[in-house]
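Position in the sequence shown (from 1) plus 59 gives the number in this note's numbering. For glycine and all other residues, C-beta sits at the position ideal for the given N, C-alpha and C. These notes are about the structure you will find just below.
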Amino acid sequence: MSHLDHSWQEIQHKTFTKWLNTRLSSLDLTPAVSLKTDLSDGIRLICLLETIGNENLGKYNKNPRLRVQKAENVNIALEYIKSRGIPLTNIGAEDIIDGNLKLILGLLWTLILRFTIADINEEGYTAKEGLLLWCQRQTSGYANVNICDFTTSWTDGLSFCALIHKHRPDLLNFDELDIKDCRKNITLAFEVASKYIGIPQLLDVEDICDVSKPDERSIMTYIAQYFHAFSTLDKVETAGRRVEKFAKTMQSVSIMQSDYETKMKQLIDSINKIQTLWGISTFDDSYADAKLQSLEFNDYKKTLKRDWVKEKLFLESLMHDIQTKLKSYCLKNYIPPKGLELNDLDITWKGLIKAEVKKSRQINEKIRDIKENLRRSFAEKANNFSLMLSTISIEISGLKGDLEEQLEQVTLLKEHIKPLRDELQQLKHLDENCKEAKIEENDYTNFSYDDLEYELDLASDSVHKKLQFIECQILTRQKTNLTPAQMKEFDAVFKHFDRYGIGALQGDVFTAALAALGLAYDEQEMEDIIAKASSDTGVVTYSQFIDFLVDEMEDHNSPDQVLLAFRDVADGKVSKQIILINCLNIFEPYVTELDLRQSLIPSTEVEYLISQMPELQENETEVDEEDHGYPIFDYCSYMESLLDLNDTIIKNKNTC
C-alpha cells in the first residue's frame, strides 16, 4: 500500500460523518466533525433515528451535561434500534459515550444497511447483492464498465459516470471520457452528482484513486445515494407520466365533450330545420315542380340523410368513448347539457322519420293527381280533335251538287284545316307533358298524338286532292279534245312532282314531269317551252301545265306536227352525205322499219309507209352503227312530196 493509502477506518469515519450530516442537514444542529465525540450525548443519534425511521422517539435530554443524562439519551436510541428488530452486538451506551470509534462505525453501518440499503430489491436480491445487480443492470452496454464489486470496479471513475449518463445523458458525454484519467473521471462524476442530481459527495477522490482497494462500505453507502436519487427520479418521472396521462385523458375528454355538444346541436338543429321547410313547402300543380321535389327528396335521402345517419352513429360512439375514458379513472359519467342527450337525439330522429313518411306521401299523391289530370286533359282534347277530323271526312264523302258547288264546299273545308293545325299544337303540348310525366297508358282515349297528326295529314291531303280533282274536272270539261283518262294522267303527274303541294313546278321539275309523260326535248327547246308555258316566270302553275299538255297532245293535223312525230319516232337520227366536189356535209333525217314498229304503229300502216317513203342508199351516206344493214327511209322528202307550198316545205325541212 502506498503512503497515500488511508486506513479503511479513516475512510469510513469520513464517509459516515458526511452521511450523518446529510441526514441531519434539515435540523438546526451543528454538523458533526468527529463521530467519537459528536454522538456521545445521544442527541444526534436520536435525531438521526427520528429522521431515517420517520418516528418520534419521545422525550429526551436536549441539553445533557451529566454522563447519566447522556447515557439516558443513548439508551433511548439503542432501545429504538432494538425495537425495529435490528440486532446489536457488543455495544452499549458507554461505548458511544466513551467514543469507541470502531463500534460507532459498526453501529452507523448497521443503520445504513437497515434504512438505506436494506430496502433495495432487484430481482429478488436484497441489500448488497440487490444494489450490485442494480448497478450492473444500469451500466450494461457501456464500454469499459464491468461492475462486479464495490471496491476496485469503481477506481477508474467510469462506473460512476455510466450510472449518471444512464439516467441523465444530458449531464455528461460518456464517449469523451478518458479511461486512463481516473481522477478526472471521478471528479466529474462527484461534481455532476452533487450539483445537478443532489447526491451528497460522501467520498473524496483520493478515497478511491489513492488507495489500492477502496472501502466497500463507503462505496456502498455512496452508491446507495445514487440508487435512491435515481429511484426518486424514476418515481417522479413515473408520477409525472401518470399525471401527464391523466391530463391528456381529461383534455381529450374535454375536447370530445365539446365536439359532442357542438355536433349534437348542429345535427338536431339541421333535422328540425328541414322538417320546418317540408312543413311550409307547396306545389304549383305542375308535374315538373312535383318531380323536382321528388328528385330533391330522393337526393336528400342519398346524401344529407346518410350524412346524418353517419353523424348519429358517430355521436353515439363518441358518447361511449367519453364515458369509457372517465370510467378508466373511476370518474363520474358525463351528462350533456339539456336537450343534447342521446335520448333527445332519438326523439328528434323519430320525428324526422315521421316527417319523411308524410313528405313522401304528399309528393307521391301530388304526382298521381297530376298524371291523372294530364290523362284526362289529353283524352278530352284528343277525342274532340278526332271528332272534328271525322266530320271533315264525312263532308268530303258526302259532297253533292255540280262541280262549282263542290269546289265551294271543298274550299270551305280547306279553310277549316288551318284551325285544326293550331288545335294539334295544343295537343302536342299536352302529349309532351304526358311524356315528361312518363304516362304510357291512357284509359280515357284510344288516340295518340301521332295517330291524330297522321289523320290530320290524311284529311288535309284528302281535301287538297279533292280540290285539285274538282279543278281538274272543271278544266277537263273545258278542254274538249282530251279524254278524261289523259286529264287524269296529267293530274297525277303534276301531283307527283308537286311534292310540297304549292300548286306549281319549277323549271327543272317541270322538265322531269314532261319526261314522265314521254315528252323529251333538247336543252334549247326546253328553255323556250318553259318560258312560253310559265309566261317567262320560270314557274309553271297547274293551269299552265294542263294548258301546255293540251296544246302539245291535242291533234292539230298539221304538217309540222306530223314531221315532229316522225322525228320523235326516229329519235332524231340523221344521215351524213359527203359531196367531194364542194367538200360539203349534207345531213338528212331518216327512219327505219324497226323505229316504226317499236313506236307501236300497226303493221299495216308500217308497211304502207315504207312502201311510200324514198329509201336512202347506205353506201352513199353515213348512218348510226346500229342501223347498218337495214333499209333507211327519208321521211322529210316523203312529206315534202305531199305538200304544195314552198314556204311550207322549207319550214318542214327546218323542222326536220
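* Asked: What are the start and end residues of the beta strand (DSSP E) that includes A733?
  -> There is simply no residue 733 to check, as the chain begins at 60 and stops at 715 in what is shown.
* Asked: Quick one, are the C-beta atoms of D100 and N132 less than 8 Å apart?
  -> A contact, by the Cβ cut-off of 8 Å.
* Compute the beta-carbon to beta-carbon distance between A136 and I105, rounded to the nearest angstrom, for a pair I have assumed lies under 8 Å. => Their Cβ separation, rounded to whole angstroms, is 5 Å, which keeps A136 and I105 in contact under 8 Å.
* So what does DSSP say about F342, is it helix, strand or coil? -> Note: F342 maps to coil in three-state DSSP.
* Should N705 be labelled buried (16 or more other beta-carbon atoms within 10 Å of its own) or exposed? -> With a pLDDT of only 49 at N705, under the threshold of 50, the placement of this residue in the model should not be trusted; the figure read from the coordinates follows. By the 10 Å Cβ count, N705 comes out exposed.
* **Straight-line Cα distance separating D274 from T210** => Looking at the two C-alpha atoms, the distance is approximately 6 Å.
* Asked: Cα separation between E375 and V204?
  -> Computed Cα separation, rounded: 58 Å.
* **Continuous alpha helix (DSSP H) stretch holding T89: start and end** => Segment: none, T89 is in no alpha helix (DSSP H) and carries neither H nor E.
* Asked: Which residues bound the beta strand (DSSP E) around T600?
  -> Residues 598 to 600.
* Inter-stretch contact at 8 Å, needing at least 3 Cβ pairs: the region 467 to 485 / the region 496 to 507 -> Between the region 467 to 485 and the region 496 to 507 there are fewer than three inter-stretch CB-CB distances shorter than 8 Å, so the stretches are not counted as touching.
* If you run the structure through DSSP and keep just helix, strand and coil, what is F692? -> Looking at F692 - three-state DSSP - the assignment turns out to be strand.
* **Which residues DSSP lists as bridging T651, in chain order** => Within the DSSP secondary-structure output, T651 pairs in a beta bridge with I691.
* With 16 other Cβ atoms within 10 Å as the buried cut-off, status of Y201 -> Its Cβ being crowded by 16 or more others within 10 Å, Y201 is buried.
* Any chance the region 67 to 81 sits against the region 279 to 293, with 3 or more Cβ pairs inside 8 Å? -> When C-beta atoms of the region 67 to 81 are compared with those of the region 279 to 293, three or more pairs fall below 8 Å, so the two segments count as touching.
* **Close Cβ partners of L723 (< 7 Å) along its chain, the five nearest in sequence each way excluded** => What is shown of the chain runs 60 to 715, which leaves residue 723 out entirely.
* Asked: Among N244, D266, K322, L385, which has the Cα closest to the Cα of K304?
  -> Distance check between K304 and each of N244, D266, K322, L385 places L385 closest, using alpha-carbon atoms only.
* To do: Keeping to the same chain, check which residues put their C-beta closer than 7 Å to that of D686; ignore five residues upstream and five downstream.
  => Excluding five sequence positions before and after D686, the CB atoms of its chain that fall closer than 7 Å to its own CB belong to T651, given in chain order.
* Quick one: what's got a C-beta closer than 7 Å to D97's C-beta in the same chain, skipping five residues either side? -> Taken in chain order, the residues that qualify are A91, R103.
* Counting along the chain, where does the alpha helix (DSSP H) carrying D229 start and finish? -> Note, D229: premise wrong, no alpha helix (DSSP H); not H, not E.
* Would you mind giving the Cβ-Cβ distance between K418 and W367, rounded to the nearest angstrom? I have them listed as a contact below 8 Å. => Contact check for K418 and W367: beta-carbon distance about 15 Å, past the 8 Å limit, so the pair fails to qualify.
* Which of helix, strand or coil DSSP assigns to L675 -> It is a strand residue.
* Assign G577 to buried or exposed, taking buried as 16 or more other Cβ atoms, counted over all protein chains shown, within 10 Å of its Cβ. => Exposed, because fewer than 16 other Cβ atoms sit within 10 Å of the Cβ of G577.
* Close Cβ partners of A130 (< 6 Å) along its chain, the five nearest in sequence each way excluded -> Here the set comprises A152.
* Segments assigned alpha helix (DSSP H), at least 4 residues, entirely inside the region 401 to 476 -> List check, alpha helix (DSSP H) in window: 401 to 456.
* Asked: From what residue to what residue does the alpha helix (DSSP H) around C268 run?
  -> Note, C268: alpha helix (DSSP H), 265 to 268.
* Asked: Could you give the distance in angstroms between the alpha-carbon of Y697 and the alpha-carbon of F625?
  -> Distance between the alpha carbons of Y697 and F625 is about 11 Å.
* How about the region 342 to 352 and the region 423 to 438: do they share at least three Cβ pairs that are nearer than 8 Å? -> Touching, yes, given that three or more Cβ pairs across the two stretches are closer than 8 Å.
* To do: Run the proximity test for Y139: is its beta-carbon closer than 7 Å to any non-hydrogen atom belonging to the ligand COA?
  => Among the components modelled here there is no ligand, and therefore nothing to report on the ligand COA.
* Inter-residue Cα distance where the pair is L190 and I171 -> Those two C-alpha atoms are separated by around 13 Å.
* To do: Check the DSSP bridge columns for V295 and list the partner residues they point to.
  => Paired residues: none, contrary to the question.
* Run the CB neighbour count on A574, radius 10 Å, all protein chains shown included, and call it buried at 16 or more, exposed below. => For A574, the number of other beta carbons within 10 angstroms of its own is below 16, and it is reported as exposed.
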